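Which chain is which? The protein sequence lines are R and Y, in order. The numbers in my numbering rise by one with no breaks, and the one at position 99 of the first sequence is 99. The numbers in my numbering rise by one with no breaks, and the one at position 39 of the second sequence is 183. A virtual CB, placed ideally from N, CA and C, is assigned to each residue, including glycine. Owing to the predicted nature of the structure, the values given are computational and were not obtained by experimental measurement. Let me begin by presenting the structure, written as structure tokens, before commenting on it.
Protein chains: 2
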Amino acid sequence: MTISQVSKEYIELIPNLFKSFQRLNQKSSNLTHLQNQILEFVFMNHNPVTIKQISEGLNVPKQQMTDLLKRLFDWGYITKSQNKNDKRSFVIELTEKGKTSQQEKWTKIYQSFVNDLSKLDSEEQQDLQYALHKVNYLLKKMED
Amino acid sequence: MTISQVSKEYIELIPNLFKSFQRLNQKSSNLTHLQNQILEFVFMNHNPVTIKQISEGLNVPKQQMTDLLKRLFDWGYITKSQNKNDKRSFVIELTEKGKTSQQEKWTKIYQSFVNDLSKLDSEEQQDLQYALHKVNYLLKKMED
DNA sequence: GAATTTAGTAAATTATTATTTACTAAATTC
DNA sequence: GAATTTAGTAAATAATAATTTACTAAATTC
Chain R
1 MTISQVSKEY
11 IELIPNLFKS
21 FQRLNQKSSN
31 LTHLQNQILE
41 FVFMNHNPVT
51 IKQISEGLNV
61 PKQQMTDLLK
71 RLFDWGYITK
81 SQNKNDKRSF
91 VIELTEKGKT
101 SQQEKWTKIY
111 QSFVNDLSKL
121 DSEEQQDLQY
131 ALHKVNYLLK
141 KMED
Chain Y
145 MTISQVSKEY
155 IELIPNLFKS
165 FQRLNQKSSN
175 LTHLQNQILE
185 FVFMNHNPVT
195 IKQISEGLNV
205 PKQQMTDLLK
215 RLFDWGYITK
225 SQNKNDKRSF
235 VIELTEKGKT
245 SQQEKWTKIY
255 QSFVNDLSKL
265 DSEEQQDLQY
275 ALHKVNYLLK
285 KMED
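Below is the structure:
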């Protein structure tokens, strides 16, 4: 086994998930593309994030964040509270409404996957579960 | 094993690839976000695609495509030729310049992955390769 | 083969995003 | 503790993206 062989498989994996990702990026309901990306980013991080983290994570200048977040706040998608460790910064979290808006998209991805699963027989489904589990475990380990 | 267990693992996989996907969506050099998405979409599809396919795939109205594609064409990223099977439609392909612009991003993802791999021992790397291979094989089978 | 649908273009208007410069106040550095 | 860096805000301008209406010409339908 070489490093390049594993990496090749990883690179191949990305297009296989492309359609699912496209769904996440699509704008839902009344939110713009960028607003969605922000919600998605916060949702994905599980923990509260600062404005700077969002700004850097999405490669959007912090100057733009002010207005974007203000609107998301006004519309009830996020909360914004002072960071206790650093009074200069703020911590952004999703409200229930914000979470729901994201979860809807995941539900669709889930359903679409379940639907496609019927193309595998039950042994293959079992194999897929095991392999996915392993991949998830090891990718998480790599992130630390 | 239940369907929901496999699906859960799949859903869990998506956040594990989130960072790699973020990189693909980031605007490179002098292209806007949407222009990038278009190149990415064409690149990912391997085969030539029609304007309609891009429009539907990215959920961007076809009216917008005209200008977007014109600019990408003028800048030498894509070619546009009449579809022989349907004279109403056009077929979009990437030029070498267009391909290169996308490949650069993949190279970075690749390098970043190789770097993180060092956090796994050699047995784990072997396991990861096998598991990724299986996942890729089965996900592809599901798409047919 | 007339009527309808489909793929794409055109143009105008509005809404978002991006970019630049300048500013506060808290945190760090020396 | 003065000087500098950092997180975020403010406001103006330019560039893109989104939306709407209207139009061609090829393909389908009946």
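Next on the checklist: Just list the residues that DSSP pairs Ile236 (chain Y) with in beta bridges.
Outcome noted: Y:Val193, Y:Lys224
Item to check | Own chain residues within Cβ distance below 7 Å of Ile23 (chain R), not counting five before or after | outcome: For clarity, residue 23 (chain R) is Arg in the given sequence; the question names Ile instead. Counting only Cβ-Cβ distances below 7 Å, and skipping sequence neighbours, we find Lys105, Lys108, Ile109.
Next on the checklist: Buried or exposed for Gln35 (chain R), going by 16 or more other Cβ atoms inside 10 Å?
Outcome noted: buried
Checklist entry - Going by the CB atoms, is the gap between Asp144 (chain R) and Lys118 (chain Y) shorter than 9 Å? => result No answer is possible for residue 118 (chain Y): the residues shown for chain Y start at 145 and end at 288.
Checklist entry - For Trp75 (chain R), which of helix, strand or coil comes out of DSSP? => result coil
Checklist entry - Do you know whose CA, among Y:Leu276, Y:Lys284, Y:Lys214, Y:Ile198, lies nearest Gln10 (chain R)'s CA? => result Per the sequence shown, residue 10 (chain R) should be read as Tyr rather than Gln. Checking every option, the nearest Cα to that of Tyr10 (chain R) belongs to Y:Leu276.
Checklist entry - For the candidate residues Y:Ile195, Y:Asn160, Y:Glu240, Y:Glu267, whose alpha-carbon lies nearest to that of Gly220 (chain Y)? => result Y:Glu240
Item to check | Neighbouring residues, chain R, relative to Glu268 (chain Y) (Cβ below 8 Å) | outcome: Leu138, Lys141
Item to check | Closest residue to Leu86 (chain Y) among Y:Gln181, Y:Gln273, Y:Pro192 (Cα-Cα distance) | outcome: Residue coverage of chain Y in this structure runs from 145 to 288, which leaves residue 86 (chain Y) outside it and unanswerable.
Next on the checklist: Counting beta carbon pairs with one atom in the region 71–91 of chain R and one in the region 46–57 of chain R, are three or more of them shorter than 8 Å?
Outcome noted: yes
Next on the checklist: Can you tell me whether Ser233 (chain Y) is buried or exposed? The criterion is at least 16 other CB atoms within 10 Å of its CB, across all chains shown.
Outcome noted: exposed
Item to check | Backbone CA spacing between Lys152 (chain Y) and Tyr130 (chain R) [nearest angstrom] | outcome: 12 Å
Next on the checklist: Considering Cα atoms alone, identify which of R:Asn136, R:Pro15, R:Val42 is closest to Ile78 (chain R).
Outcome noted: R:Val42
Checklist entry - Which residues, taken in chain order from the region 40–56 of chain R, show a beta carbon closer than 7 Å to some beta carbon of chain Y? => result Met44
Checklist entry - Tyr7 (chain R) versus chain Y: which residues are under 8 Å apart at the beta carbon? => result According to the sequence provided, residue 7 (chain R) is Ser. The question's Tyr does not apply to it. Neighbours of Ser7 (chain R) on chain Y, chain order: Tyr254, Phe257, Val258, Leu261.
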